[in-house]
Amino acid sequence: MAPRRWLLLLFLAAGVLQSLAQPDSRDCGLAEEASYVDDTTTLAYISDAGFTDAGMNYNISAEYLGFSRRGHNLRSFPDGVRNCYTLRSLVSGLKYLIRAGFLYGNYDGLNRPPASFDLHIGVNFWKTVNMSTWGADQGNTATVEAIIVVPNDLLQVCLVNTGSGTPFISSLDLRPLKRTFYPQATAEQGLVMLARLNAAPVNKTGTIRYPDDPHDRLWYPWFDATIWAEISTTERVYGVGDDLFEVPWKVMQTAIVTRNTSKNIWFGWESLDAEPRDDDPSRPGYVAILHFAELQLLNASNGELRQFYINLNDELAYPTGFTPEHLVSNAIYDTKPSRHSGYNFSINATANSTLPPILNAVEVYYVIPSTNLGTDSQDASAAMVIKAKYGVRKNWMGDPCFPRTMAWDGLNCSYAAANPPRITSIPPVV
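Printed below as a string of structure tokens:
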């Protein structure tokens, strides 16, 4: 096994989490000019009408209206292969969290959700939305999330019909992040969330998000009373300075522990790629981020010690015994994605430890490449001006030239290796 590139991030100063500007939230299918404030998050939602000129608005069936308001309506895209949202006035080179939500709710009266469709961020593949993954209940909400670096001052999010059902979308959120956050997300690769888990929360069914998390990440509850015990504190857990993750203190106030030092905390997952060979460059790479804070005031003079090893697939992932600081956020994470057929983490007490291992939260992401080159920016801007001026409604969606199979109808483009495609001719549009 290749040497693991793990770092410990330790935050020793006290302070207050810094909140960024009001997050940007769109309720897809909401009537044009309509808006509201979400009761739970206090976030303002606006209509998506100004961000796409395609699709049709629908309301979900009345029997599903008990769900969150932002799922009461949606936008469906029965026409065209690729339909896109254009999000403008972004900061080029900044990191953003982007999240799409999908609630079918029998909006079309067919009682048959689409099997799947694809999502693209710009000219790069994001994820296949497979509704069956979220169960047969038509009221189940599918949520897809990524952390990306935006290359320009605008971003396109596209739904692609792959022949397995009509794409639709219920909500589209964009959250600015600090440039230093999640260093694994770069201009060359984005991070798609596989899991973001809050261990042993006070509310065992509740999700922590904005305003408790100023960055509006979704922290899902994670606890199994048949396996783990839980500990908590009412005191605040701090993480400041050059904090790369800024986990909400409400998440860090709770943790799982094993019932004794002979037991380990275990979690794992299988790779999306069924190919059994490890370290295959074509296999999706994964990044795990483990968050720790000591929640009990230990009496070192009496020999109290919590210390543990972290193993991945029976190999030491963090080379020395680790002792979390009292009420201070610690993150242990992989600096580069690893590629295996399966991932089995175990957190084991060292021989010197008198207390069992602890885990407050965990995040798991897989990497998506973001290296495809879209149409030359000046050419693309000119084409979009023409589209807007003449109200072109035919298949002029997304990037004008890329991918070739989805190039705008009638456009001719030239393609050269390592250079953005160029538009060589535009058909008459009037």
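FYI, the numbering for the sequence shown is -21 to -1, 1 to 409, going by mature numbering (1 follows the signal peptide of the UniProt record, and there is no 0).
All C-beta atoms, glycine included, are put in the ideal place defined by N, C-alpha and C.
- Contact between Tyr322 and Leu291 holds: CB atoms are separated by about 7 Å, below the 8 Å threshold.
- Ranked by how close their Cα comes to the Cα of Asn239, the residues Asp32, Asn327, Asp3 and Ala178 have Asn327 in first place.
- Taking a 10 Å sphere around the C-beta of Pro303, we find 16 or more other C-beta atoms and assign the residue as buried.
- Gln357 is classed as exposed because its beta carbon has fewer than 16 other beta carbons within 10 Å across all chains shown.
- Leu153 and Ser4 have their C-alpha atoms spaced approximately 6 Å apart.
- Three or more beta-carbon pairs separated by less than 8 Å link the region 68 to 79 to the region 139 to 159, which places the two stretches in contact.
- When beta bridges are read from the DSSP output, Leu269 appears opposite Ile311 and Val341.
- Listed as beta-bridge partners of Ala234 by DSSP are Ile210.
- A Cβ-Cβ separation of about 15 Å leaves Val181 out of contact with Trp207 under the 8 Å criterion.
- DSSP, reduced to helix, strand and coil, places Phe30 within a helical segment of the structure shown.
- Following the DSSP letters along the chain, one finds Asp358 inside the alpha helix (DSSP H) bounded by residues Ser356 to Tyr369.
- Close CB contacts of Leu284 within its chain, under the 8 Å cut and outside five residues either way in sequence, are with Leu277, Thr302, Asn331, Ser332, Thr333 and Leu334 (chain order).
- The Cβ neighbour count for Ala10, taken over all protein chains shown within 10 Å, is under 16; the residue is labelled exposed.
- Listed in chain order, the non-local C-beta contacts of Ala13 below 7 Å within the same chain comprise Ser26, local neighbours out to five positions each way being set aside.
- The DSSP-derived three-state label of Met110 is helix.
- In terms of CA proximity to Leu269, Asn177 leads the group Thr65, Asn177 and Pro406.
- Contact between Phe56 and Leu82 is ruled out by a C-beta separation of about 16 Å, above the 8 Å threshold.
- Contact between Thr354 and Asp378 holds, since their C-beta atoms are separated by about 5 Å, short of 8 Å.
- Thr31 counts as buried, since at least 16 other C-beta atoms from the protein chains shown sit within 10 angstroms of its C-beta.
- With respect to Val346, Pro316 sits close: the two C-beta atoms are nearer than 8 Å.
- Two segments are said to touch when three or more pairs of C-beta atoms, one from each, lie closer than 8 Å; by this definition the region 35 to 51 touches the region 83 to 103.
- Ala179 sits close to Thr233, with the two beta carbons spaced by under 8 Å.
- Judged by beta-carbon spacing, Cys63 lies beyond the 8 Å limit of Cys7, meaning their Cβ atoms are not closer than that value.
- Val341 sits away from Phe202, with the two beta carbons spaced by 8 Å or more.
- Per DSSP, Pro303 lies in no beta strand (DSSP E) and is assigned neither H nor E.
- Contact annotation: Val408 and Ile365 have beta-carbon atoms nearer than 8 Å.
- Counted as a single uninterrupted DSSP element, the stretch harbouring Tyr161 is not any beta strand (DSSP E), since DSSP gives it neither H nor E.
- Asn327: member of the beta strand (DSSP E) spanning Gly321 to Ala328, first to last residue.
- Residue environment: Arg383 is assigned as exposed (fewer than 16 neighbouring CB atoms within 10 Å of its CB, all protein chains considered).
- In this structure, the alpha-carbon of Phe381 lies about 20 Å from that of Pro146.
- Linking Ser404 to Ala361 through their CA atoms gives a straight-line distance of about 12 Å.
- Excluding the 5 residues flanking it on each side, Gln168 has same chain C-beta neighbours closer than 7 Å at Val346, Ile347, Pro348 and Ser349, in chain order.
- In this structure, DSSP gives Trp198 an extended state, which the three-state scheme calls strand.
- Exclusion of the five residues before and after Pro406 leaves Gly389 as the residues of its chain whose Cβ lies within less than 6 Å of its Cβ.
- For Pro227, the number of other beta carbons within 10 angstroms of its own is at least 16, and it is reported as buried.
- Assigned with DSSP and collapsed to three states, Gly169 falls in strand.
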